[in-house]
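S.K.:
Residue numbers (the working numbering): 18 to 150.
1. From the DSSP output, read off the bridge partner residues of residue 37.
2. Assuming the contact rule is C-beta atoms closer than 8 Å, residue 68 and residue 28 should be a hit. Round their C-beta distance to whole Å, please.
3. Could you name the residues of the same chain whose beta carbon sits closer than 6 Å to that of residue 103, not counting the 5 residues immediately before and after it, in chain order?
4. Do the region 72-84 and the region 45-54 meet, that is, are 3 or more Cβ pairs less than 8 Å apart?
5. Give the single residue among 127, 116, 34, 21 whose Cα lies nearest to the Cα of residue 42.
6. Here's a check: name, in chain order, each residue in its chain whose Cβ is nearer than 8 Å to the Cβ of residue 127, leaving out the five neighbours to either side.
7. If I'm right that residue 44 touches residue 63 with Cβ under 8 Å, what's the distance once you round it to whole angstroms?
8. Express the C-alpha separation of residue 115 and residue 106 in angstroms, rounding to a whole number.
9. For the alpha helix (DSSP H) holding residue 86, just list the boundary residues, first then last.
10. For the beta strand (DSSP E) containing residue 111, list its first residue and its last residue.
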């Protein structure tokens, strides 16, 4: 079960939900406006069904910490992370991706020219290298 945040909801006292970007079994991702700055960001929220799953919570928090330390154009920049006081949901705010994400790029991969595959794989490997450095 995903935390379904609807447009207009203010989450963690700071992020006003504009629209849903993705809802999966383990998380929801939303386009939000940071109230204090007016910046558009992506907000990832752990599914309420995983709140009691300590390994899932730990992975979510670890991902935020690791990505928060990575400085490369190939990994989204984490802006803030925390636990919402009202719901107890862990969350991560990051820069908002413009264009296709990796899943979308792969889904249309049957129509990608070889040079685009080369660029896609190069960027992916640069991001992985930065995370694991």
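Just so it is clear, CB atoms sit at the ideal spot from N, CA and C, and this is done for glycine as well.
The structure displayed is predicted, hence computed values, not measured ones.
M.R.: Quick look at the numbers:
1. 47
2. With a Cβ gap of about 15 Å, residue 68 and residue 28 do not count as contacting.
3. none
4. no
5. 21
6. none
7. 6 Å
8. 26 Å
9. 71-86
10. 107-112
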